[in-house]
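Heads up, the thing below is written out as structure tokens.
There are 2 protein chains.
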Amino acid sequence: MDIRAEARQMKLQAPVLAATSVEERNAALLAIAGALEEKKDEIFAANHEDMEAADKNLVSPAVKKRLKFDEGKLRDVIAGIHQLVSLPDPLGRDLLHRQLDEGLELHRVSVPIGVIGVIFEARPDALVQISTLCLKSGNCAILKGGKETRNTNRILFKVIHDTAVASGLPEKCLVQAELHNEIDELLSCDKDVDLLIPRGSNAFVAHIMNNTKIPVMGHADGICHIYVDKAADPDKAIPILIDAKTQYTAACNAVETLLIHRDIAPSFLPGLKEAMADAGVRLRGTREVMDLLGDDKEENVMAEEDFATEYLDLIASVKLVDDVKEAVDHINRYGSHHTDSILTEDRDTAEYFMQMVDSAGVYHNCSTRFADGFRYGFGAEVGIGTGKLHARGPVGLEGLVTYKYKLYGTGQIVGDYASGKAQFHFKDL
Amino acid sequence: MDIRAEARQMKLQAPVLAATSVEERNAALLAIAGALEEKKDEIFAANHEDMEAADKNLVSPAVKKRLKFDEGKLRDVIAGIHQLVSLPDPLGRDLLHRQLDEGLELHRVSVPIGVIGVIFEARPDALVQISTLCLKSGNCAILKGGKETRNTNRILFKVIHDTAVASGLPEKCLVQAELHNEIDELLSCDKDVDLLIPRGSNAFVAHIMNNTKIPVMGHADGICHIYVDKAADPDKAIPILIDAKTQYTAACNAVETLLIHRDIAPSFLPGLKEAMADAGVRLRGTREVMDLLGDDKEENVMAEEDFATEYLDLIASVKLVDDVKEAVDHINRYGSHHTDSILTEDRDTAEYFMQMVDSAGVYHNCSTRFADGFRYGFGAEVGIGTGKLHARGPVGLEGLVTYKYKLYGTGQIVGDYASGKAQFHFKDL
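Each protein sequence line maps, in turn, to chains A and B. Following the working numbering, the numbering of the first sequence begins with 1 at its first residue and continues without gaps. Following the working numbering, the numbering of the second sequence begins with 1001 at its first residue and continues without gaps.
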């Protein structure tokens, strides 16, 4: 497939999709939910092929769980589509309505971003979620999923695309890319693609960010911290630390570094060590920490620069700090502005931390694993942004829209305002 | 000056500036307004040196008007600061407040972007506007102004910076770069600088965009269009076209291409030609247009690809189209998504145009020159964005903030929600 030609056609059809009514978009979504149910035997058969290939390639059980698309996952994605249909239209909202002068009215109106390229991991449910989020928000999308679910992706895409087009949406509302070299073609489409959302390994996302002029929303790494303050409640702290590290170790919002207030370290560390050991987590840390833990293995002793490490594994870094200020400085220096949490019963210390830490998510007395579109009540998410511009944190429907200014005049020229013949009288309506 | 070291220090001080109250920031702004008035003789003397250098370099009167900083400009920038003080605090706004579960509350709160690099043309009033906009929005800024007003910039910066720091804002809230090679250093500070706003020539902005990993807000070119529909009122159309082309020819929002409905071309073009000639504007166009205009000069005949030209001069491109749809397709293909206008008395045609044109500003029956922060009632602007992400069109205070998510818990872990032991009950508060 010629991705550049596809993107060019998409760009020209994007205003047509943007101009559809929410009733048309919702009708298409409901038809897609119906078609997925109707074609489920074909879909499960395709997934069966992918699972057989996974077995042949000795894929681990944890990964196979993600590749699997069964009745349960189908039920979930269909429920997700119905939830999406129930959400209000993100388009056409009047964000500003101002009279600049008699007969000269300015509107700021929400509109889709346009053409979005999403590159995502091998998870069939992700394909359904992303494509339906894009359609609800009036965005055309080029979708490239992981090759391990190629057969499932192909049938899911066909069902979704054909149903969308049969429902009256433009032919090029969705395009599927299947080959890895098509990603490089996609990266060169900066005239036609408005936004890229890459999901996957750090190295992969960093490669995308470094090789395109298209704006990228996402995150390369997720070095999340939890600071255990001297006023922390140990009964809350230990379960939160275990959850943040182990509930889904490979997730970007899993914790990597534990910062412990020096005053409580002697009493807190032994219990932490025991709980982490029970959960299969290896602790690394500064020499001071290792001494307190009675661990003399050199490979567990960390130098300062080692704290920029994302393990995505059952390993955690531990460091002692003098106070919340030192914790904040460490996080702002070594963190990836993703999600960081403070455990303390002192509300002022918590407020200081949440004000000063420069991250998309700052938490008090809870696990960093809550950083997720579903858990924030956004419905599905297309990704999590750690940049500062546009959408940050979990990105749902709202992050897929921008706005345009509409100015309605009756013959006004700027010369009259420059000469003083006419005056602005700004009045919000 | 070592810009990289300055940026690193700024990054660490940015949370301190972000944490100041609006009273502190407003007090600093009022002190700056007072100091500018108090030091005006020194400022005017410095500007006198710059103006003498401009004379020596035979700078044109039009440009000298921009370099000049006199009582009138001082009065304007001081009035601008007072207006800025009167605007509500853009920071700390609660954009979302949702209970996820009992004792687990999510807030989305507006915060500054952080560290912004602004590179702007030789206009002393721009330095004052940009620095005070950044301070009001709690952003640290690295400022690099045009070298033609070096002396004026230096004293203005010193007055503003010293007064801000004396008012209690952090030492590194503002930094001035003076040397051209410091721009290249700035471009490499992607770990510490959150946003670049370049203003200047197309080539310069394109150079910035192509040579940094830092997100860039702005626009390289401004190919703006006006479509004269068959239902246009010629009495409105001619003055609007003249204003859009000539009121400030070098501005990015000046019109470059006129699209004329074929049905009215024979009656409309002669009057247009006469009015444009009176205003000193040369018309170029397709062979068909030139024949209608009775102009047989080959250099005025345009090929299709010539319509991607931004003149920034007293020249306009003219093309005939069959209908509004062809006009929209031309604009979406050759425009720069800046500002485009339709002249028509047919409201439905206008709505179609404004829906389908994929630009930051879409206008009806008025001049493209209205695309400006002051004219939109935003107070000052830091620039005009033609990208789709974050801020679009004229960018004022609102475009200089982002948000963070604050999640307040009481010991919650994700494991309990995954196992079904706990359930989310999203409730907006």
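C-beta atoms are modelled at their ideal positions from N, C-alpha and C, and glycine is treated no differently. Owing to the predicted nature of the structure, the values given are computational and were not obtained by experimental measurement.
Cβ of A/Gly-361 within 9 Å of any chain B Cβ: yes
Same chain only: Cβ atoms within 6 Å of B/Asp-1346, ignoring 5 sequence neighbours per side: Ala-1231
Range of the contiguous alpha helix (DSSP H) that encloses A/Thr-163: 150-166
Among B/Val-1301, B/His-1261, B/Ser-1137 and B/Tyr-1248, the one whose alpha carbon lies nearest that of B/Asp-1313: B/Tyr-1248
Proximal chain B residues relative to A/Gln-247, where beta-carbon distance stays under 8 Å: Ile-1413, Val-1414, Gly-1415 and Ala-1418
Separation of A/Leu-96 from B/Tyr-1376, as counted between CA atoms: 11 Å
CB contact below 9 Å: A/Asp-233 versus chain B: yes
3-residue-minimum beta strand (DSSP E) runs that sit fully inside the segment 1021-1072 of chain B, ordered along the chain: none
Buried/exposed call for A/Gln-1, threshold 16 Cβ in 10 Å: Correcting the residue type first, residue 1 of chain A is Met in the shown sequence and not Gln. A/Met-1 should be labelled exposed.
Where the alpha helix (DSSP H) containing B/Gln-1129 begins and where it ends: 1124-1136
9 Å Cβ cut-off: residues of chain B touching A/Leu-219: The amino acid occupying residue 219 of chain A in the given sequence is His; Leu does not appear at that position. By Cβ distance, chain B contributes nothing, its closest Cβ being about 14 Å from A/His-219, past 9 Å.
Beta-ladder partner(s) of B/Lys-1011, from DSSP: Beta-bridge pairing links B/Lys-1011 to no other residue.
For A/Val-109, the residue or residues it bridges with in DSSP: A/Asp-94 and A/Lys-404
Identity of the residue in A/Glu-49, A/Ile-78 and A/Leu-106 nearest A/Phe-424 by Cα: A/Leu-106
Distance, B/Val-1205 Cα to A/Leu-187 Cα: 21 Å
Spatial neighbours of A/Thr-344 in its chain, beta-carbon cut-off 6 Å, leaving aside the 5 residues before and after: Asp-229, Ala-231, Ala-232 and Ala-350
Any chain B beta carbon closer than 9 Å to A/Ile-130: no
Beta strand (DSSP E) segment containing A/His-261, residue limits: 255-261
Backbone secondary structure at A/Tyr-417 - three-state DSSP: helix
Min CB distance A/Phe-424 to chain B below 9 Å: yes
Under 9 Å between C-beta atoms of A/Val-414 and B/Asp-1263: no
Given 8 Å, three or more beta-carbon pairs between the segment 201-216 of chain A and the segment 21-31 of chain A: no
Segments of 3+ residues assigned as beta strand (DSSP E) that fall wholly inside the segment 321-396 of chain A: 339-343, 361-366, 383-385 and 393-395
Assigned exposure category for A/Leu-74 - 16 Cβ within 10 Å defines buried: buried
Residues that B/Ala-1019 contacts on chain A, provided the C-beta gap is smaller than 9 Å: Tyr-352, Gln-355 and Met-356
Delimiting residues of the alpha helix (DSSP H) encompassing B/Val-1175: Taken as a continuous stretch (DSSP letters only), B/Val-1175 belongs to no alpha helix (DSSP H), being part of the beta strand (DSSP E) at 1174-1177.
B/Leu-1241 versus B/Ala-1250: straight-line alpha-carbon distance, rounded: 15 Å
Residues bridged to B/Cys-1140 (per DSSP): B/Val-1115
Residue closest to B/Val-1059, alpha-carbon to alpha-carbon, out of B/Thr-1402, B/Glu-1148 and B/Asp-1306: B/Glu-1148
9 Å Cβ cutoff, B/Pro-1088 in contact with chain A: no
Residues from the segment 371-395 of chain A in contact with chain B, defined by Cβ distance under 9 Å: Ala-371, Asp-372, Phe-374, Arg-375, Tyr-376, Gly-377, Gly-387, Lys-388, Leu-389, His-390, Ala-391, Arg-392, Gly-393 and Pro-394
Within 9 Å, strictly: CB atoms of A/Ala-46 and A/Arg-154: yes
Chain A residues whose Cβ lies nearer than 8 Å to that of B/Pro-1364: It should be noted that the sequence gives His, not Pro, for residue 1364 of chain B. Within chain A, the residues near B/His-1364 are Lys-406, Leu-407, Tyr-408 and Gly-409.
Residues, ordered as in the chain, of the segment 105-129 of chain A that lie near chain D by beta-carbon distance below 7 Å: No chain D appears in the structure shown, which is made up of the protein chains A and B.
Enclosing alpha helix (DSSP H) for B/Arg-1199 [first to last residue]: B/Arg-1199 -> no alpha helix (DSSP H), and no H or E assigned at all.
Beta carbon proximity, B/Thr-1344 to chain A, threshold 9 Å: no
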